[in-house]
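Q: Okay, here's the structure, questions in a sec.
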Amino acid sequence: MLHSPHLPEEEYTLASTHKAYPATTQLNATPAFPRAQEQTYQILAIELEGEKQLLSLEEATYTIGRHPANEIVLDHPTVSRHHAFLLRICDVNTKGHSFRIVDGDLNGKRSHNGLWVNKKQCFVHDLKDHDVISFGENIRATYFSTDNLSNPKISTHHIFAHQQILTLPIPLPKQQLKPGSTLFHQETLNGNGSTHHGLSEVTANPNDAAIMRLSSFPELTPLPIIETDLDGKISYINPAAATEFPELKTATHHPLTDGLYDQLLQEQTEYVVREIEIGSCVYEQAIYCLLQSGLIRSYVIDISLHRKTEQQLRLSEARYAAAARGANDGLWDWDLNTNTIYYSDRWKDMLGYAPSEMSDSPDEWFNRIHLQDQARVNAALTKHLAGENPQFECEYRILNKNNQYLWFRCRGLALRNDQNHPFRIAGSQTDVTAYHATRAQLEYQTLHDEMTQLPNRVLFMDRLTQASQICAHHKNHLFAVLFLDLDRFKLINDSLGHALGDQLLIQVAQRLQRCLRKDDTVARFGGDEFAILLPAVENVDEAMQIAQRILSTLATTIALDRHEVYTSASIGIAVSSQDHYSPEELLQAADTAMYHAKKQGKNCFEVFCAGMRTQVDTQLQIETDLQRAIKNDELKLVYQPIVDLGSQEIVGFEALLRWHHPQRGLVPPAEFIPIAEDAGLMVAIDWWVLTTACQQMTEWLTSYPHTGDLTVNVNISAQQFLQPMFCETVTTIIRETGMQPHKLKLEITEGVILSNAPNIAEQLKTLKALGLQLAIDDFGTGYSSLSYLYAFPLDILKIDYSFVSRMDQENGLEIVRTIITLAHNLKMEVVAEGVETEAQQQYLQDLGCEFAQGYLFSRPLNNQAIELLLAEQVQLQKLSTQPSVTV
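Okay, so the sequence shown: first residue is 434 according to the working numbering, each after it adds one.
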């Protein structure tokens, strides 16, 4: 209860049912007698859990706390036993005074919950009008310094104007006291200059409770209090001073007592505050001159911890400032209570602003965030403040001073009170604009061809998938895919060089883009292949019109450096249908149609039809079966005999490849060899043929040593001949199979010799050096140039069967004659292929052709049949060498 007989109880009574700790403000005094009008009133308005009390501060000192010995008792668990005390401060110039409040307790430490003035924690504070003091939860006091008790500003702080003001403590009987006879002098300078002694001698009436209570203050306070005369002789020290400074009792000189009066005279004041260092401690000494009493009173406060804290704070702030200046990131600190944000200089500089160009408003930040990013930033911030996410982290675009958007990555962490409510959030922001630019560039590169800047296969397939999905949901919607391959690009690339070949592709890409509509897509798949998506067409005719437009555009010459190049393309077209082909299947259909256009003579387009798919499926199946055939040893060699036209004896064989399919039977070479070449299988097959033929010929020569000078001819494909280690591989096969080099003849077509392959002459010379013989196969069916017959070391010329079959036609015989004559002039042997009639044999013998092969002599035979022939030839040779018998 607030004990005040002058105040209405119903307005100033606390609840009497407080369970744990009854919250009361006990005033250890009764209301003062009416006093004379003073110039200034010092009022303390206490509010404790809804109860209010006005106190008039008349004395020089007051103690405040939960302990009953205090002048102002705040009986509440959040208040320390000796929470704080008030000291009167006199102003001799204005003849007025105010109060200083100091934090303290009996243990020499600060109060448990601290002293808070105007929401700021402090150790000591000089009170000013309207200052608000907080002692604990729901306990506060407002300090007023006014010359008018009816001033409205008192009532505005929840204090009713009709309240009567209590005075603490009860005025003591006025007695004349001698300055030297007191334990403690409470002398204050009143407005009229007279003095008032608040404490009597020790010999005063011991039964006077008020005197005893007041006299207990200096004895109980943990604050050292010292009184001296004007010469510095100590007249009183309280227990706290005696404990803190035990040397005071015996020392004739001491920093706390030396030169006090001189300093007051020098500064021409009756009150001064100074700092004193004693040992490792720093003290603040408040000095009051009671001139009429001849006393100097000092209040000493140990501020060592305060100074150390200040020093650490300054050091921390210096480190923080140095870190903020040196950090590449911008720092920010948001006070949620005041809704203000500290932005570091680096934060502002990242946006192009000088430190003075931005305020501490949150709008400086959030109003600059891109509209598309604001919702994401707000959501991330809200979730963190609500405790859903452990930290705030978000990337967003923010507008800088040059009206350009930059990408920032922002991180922050909230500080929370005991109720887990955020009151502050601080963090940093990093400029990640370069990262986003790099990521965008990488994404672009991932989806575009580096050379032509066209979409690549990945992006094309994504858009094709989207078109397919639209078609699936709209019955009448059609789209088309065009697959384009340049004609003769390899020839242009090889003849002009790769640099100009790349320029050709770039110009072709530009022309293709000009031929298409806004929503169409053209992509480069690699090499000279391009794919085109027409996401919406009325019918197949519209796709054909676009294909024709492309062919017409590409038909015009293209300038490359100092060259003019003509190019064309073969185009395959596939149109979506209700069969719901997958995007991959539709692209494959367009690719199949493109190959059909190639077969039709190039520089044209073909529309895919179901028959093409059947053909493609068959080709794919053959390719798959061929791979299995290689593993399962389904490929076989047959050997066609080569006959000496003079002796009619077998002088050699040509090794020919055959494939016996388990289901399809014998597959013609003309059917599976092109597929093997397209699938990249031909080189491996070629090496197998050479190895097998050498092994077989070695066995035959061992088994039939009397068969004469037998040789074996093996065809070398262009892909095989152009292998980097061709000559070395041939050498290895000869060595490993035990083949005699001069028994091996390699047949090479005109196309291989005239392919402009590097070092072709050197390779042929290397083969000749091994002892091999070289034959030019299918002479006359390839290029028309005959110069290579002089340039390369060739041994044998084989006449193609197409010339042999026409020897009975006009000029046919003369062509063969010319070929044979040319070969003989170049010291080359001649082998005629495809001889099927005796008339053809006779023509060849008449023209001087040495050797021939064909069905007239033998079809290609397997190993067993060849061995029978060899055995028969050996038998004939034995018979021919036996002496004749004369009868």
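Glycine included, every Cβ here is placed at the ideal spot set by N, Cα and C. Note that this is a predicted model, so its numbers are computed, not measured.
(1) Please classify residue 1042: is it buried, with 16 or more other beta-carbons within 10 angstroms of its beta-carbon, or exposed?
(2) If we count the other Cβ atoms within 10 Å of its Cβ and call it buried at 16 or more, is residue 819 buried or exposed?
(3) Excluding the 5 residues flanking residue 863 on each side, which residues of the same chain have their C-beta closer than 7 Å to its C-beta?
(4) Tell me whether residue 469 is buried or exposed, calling it buried when 16 or more other Cβ atoms sit within 10 Å of its Cβ.
(5) For residue 485, count neighbouring Cβ atoms within 10 angstroms of its own Cβ and tell me buried if that reaches 16, exposed if not.
(6) Hey, residue 496 and residue 520: beta-carbon distance below 8 Å or not?
(7) Which residue spans inside the segment 975-1041 form an unbroken alpha helix (DSSP H) run of at least 4?
(8) What does DSSP give as the partner residues of residue 867 in its beta bridges?
(9) How do the segment 658-678 and the segment 698-710 stand: do at least 3 beta-carbon pairs fall below 8 Å, yes or no?
(10) Check whether the segment 1286-1297 and the segment 1066-1074 are in contact - that is, three or more C-beta pairs closer than 8 Å.
(11) Considering residue 1257, what are the terminal residues of the alpha helix (DSSP H) in which it resides?
(12) Which residues in the same chain have their Cβ closer than 8 Å to the Cβ of residue 1212, if we skip the five residues on either side of it in sequence?
(13) Could you check what DSSP says for residue 1140 in three-state terms: helix, strand or coil?
(14) For residue 915, tell me which candidate among 927, 909 and 958 has the shortest Cα-Cα distance.
(15) How many whole angstroms separate the CB atoms of residue 825 and residue 808, which I take to be in contact at a CB cut-off of 8 Å?
(16) Since residue 1058 is in the beta strand (DSSP E), which residue starts that stretch and which ends it?
(17) Can you tell me where the beta strand (DSSP E) holding residue 1152 begins and where it ends?
(18) Quick check on the burial criterion: 16 or more other C-beta atoms within 10 angstroms. Buried or exposed for residue 1032?
(19) Please say whether residue 922 and residue 1076 have beta carbons closer to each other than 8 Å?
(20) With C-beta atoms as the reference, is residue 381 less than 8 Å away from residue 1008?
(21) Classify residue 955: buried if its beta carbon has 16 or more other beta carbons within 10 angstroms, exposed otherwise.
(22) Tell me which same chain residues have a C-beta within less than 8 Å of the C-beta of residue 1153, skipping the five on either side of it?
(23) Run through DSSP, which three-state label would residue 523 get?
(24) The alpha helix (DSSP H) with residue 1292 in it runs from where to where?
(25) How about the segment 734-745 and the segment 541-559: do they share at least three Cβ pairs that are nearer than 8 Å?
(26) Would you call the segment 768-788 in contact with the segment 826-836, where contact means no fewer than 3 C-beta pairs closer than 8 Å?
(27) Is it the case that the Cβ atoms of residue 938 and residue 885 are separated by a distance below 8 Å?
(28) Please classify residue 1305: does DSSP put it in a helix, a strand, or coil?
(29) In three-state terms, what does DSSP make of residue 1162?
(30) State the DSSP-derived secondary structure class of residue 1286, mapped to helix, strand or coil.
(31) Label residue 516 either buried or exposed according to how many other C-beta atoms from any shown protein chain fall within 10 Å of its C-beta, with 16 as the threshold for buried.
(32) Helix, strand or coil for residue 820, going by three-state DSSP, please let me know.
(33) Is it buried or exposed for residue 772, if we count other Cβ within 10 angstroms and need 16 for buried?
(34) If you draw a straight line from the C-alpha of residue 1210 to the C-alpha of residue 1181, how long is it?
(35) For the 8 Å Cβ check, are there 3 or more pairs between the segment 983-992 and the segment 942-949?
(36) Classify residue 834 as helix, strand or coil using the three-state DSSP reduction.
A: Concretely, from the data shown:
(1) exposed
(2) exposed
(3) 762, 841 and 842
(4) Because residue 469 carries a pLDDT of 37, less than 50, the predicted location of this residue cannot be relied on, and the following value inherits that uncertainty. Its Cβ having fewer than 16 others within 10 Å, residue 469 is exposed.
(5) buried
(6) no
(7) 1016-1032
(8) BP columns for residue 867 are empty, so no partner.
(9) no
(10) yes
(11) 1245-1258
(12) 1183, 1230, 1231, 1232, 1233 and 1252
(13) coil
(14) 958
(15) So it is not a contact: roughly 15 Å between Cβ atoms.
(16) No beta strand (DSSP E) contains residue 1058, which is instead part of the alpha helix (DSSP H) from 1043-1064.
(17) Careful: residue 1152 lies outside any beta strand (DSSP E), inside the alpha helix (DSSP H) at 1151-1154.
(18) exposed
(19) no
(20) In this structure the chain extends from 434 to 1320, so residue 381 is not present and cannot be described.
(21) buried
(22) 1115, 1116, 1119, 1120 and 1159
(23) strand
(24) No alpha helix (DSSP H) contains residue 1292, which DSSP labels as neither H nor E.
(25) yes
(26) yes
(27) yes
(28) helix
(29) helix
(30) coil
(31) buried
(32) coil
(33) exposed
(34) 6 Å
(35) yes
(36) coil
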